[in-house]
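In our numbering, the protein residues as written are 17 to 116.
Where a beta carbon is used, it is the ideal one built from N, C-alpha and C, also for glycine.
Treat the numbers as computed from the prediction; the structure is a model and nothing was measured.
Below: one structure, written as structure tokens.
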């Protein structure tokens, strides 16, 4: 099964609406690993890694978000094939740290 990795950035009304929890739960349901965090800009960013078909479903879910969210844009970058995942699970990173 082909493994893929992709970084993502979601913009719109995506903070304060349980978007990170939605992303984590969706990732866990699809057996995607990686992380997600809020950015000071108001965007939500992260990295997702997993089987190509699961990653496709995950990417589709980011365009929807939870009911309280209003997604105005989703960008993917650094997408590539992956031999094996670099993460053990999927984490919500609580705080943005400058330079992190």
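Identity of the residues DSSP links to residue i by a beta bridge
| i | result |
| --- | --- |
| residue 53 | 61 and 109 |
| residue 24 | 62 and 92 |
| residue 97 | 20 |
| residue 67 | 19 |
| residue 29 | 86 |
Beta-carbon proximity of residue i to residue j, cut-off 8 Å
| i | j | result |
| --- | --- | --- |
| residue 92 | residue 43 | no |
Cβ-based neighbour list, residue i, same chain, cut-off 6 Å, excluding 5 preceding and 5 following
| i | result |
| --- | --- |
| residue 116 | Note that residue 116 scores 36 on pLDDT, short of 50, meaning its location in the model is unreliable; the coordinates nonetheless yield the value given after this. If we look at residue 116 and ignore the five residues flanking it on each side, it has no Cβ neighbours. |
| residue 109 | 51 and 53 |
| residue 39 | 52 |
Residue burial classification, residue i (beta-carbon count within 10 angstroms, cutoff 16)
| i | result |
| --- | --- |
| residue 112 | In this prediction, residue 112 has a pLDDT of 48, which is less than 50 and means its spatial position is unreliable; nothing more can be read from the coordinates. |
| residue 97 | exposed |
| residue 77 | buried |
| residue 32 | exposed |
| residue 85 | buried |
Rounded straight-line distance, which links the Cα of residue j to that of residue i
| i | j | result |
| --- | --- | --- |
| residue 28 | residue 54 | 12 Å |
| residue 114 | residue 99 | The predicted model places residue 114 with a pLDDT of 39, which falls under 50 and marks its position as unreliable, so this point remains unresolved. |
| residue 19 | residue 49 | 11 Å |
| residue 87 | residue 79 | 6 Å |
| residue 23 | residue 83 | 23 Å |
| residue 34 | residue 75 | 17 Å |
| residue 66 | residue 60 | 19 Å |
Cut-off 7 Å between Cβ atoms - residues of its own chain near residue i, not counting five sequence neighbours on either side
| i | result |
| --- | --- |
| residue 71 | 20, 22, 48 and 64 |
Own chain partners of residue i with C-beta closer than 8 Å, once the 5 adjacent residues on each side are dropped
| i | result |
| --- | --- |
| residue 37 | 82 and 108 |
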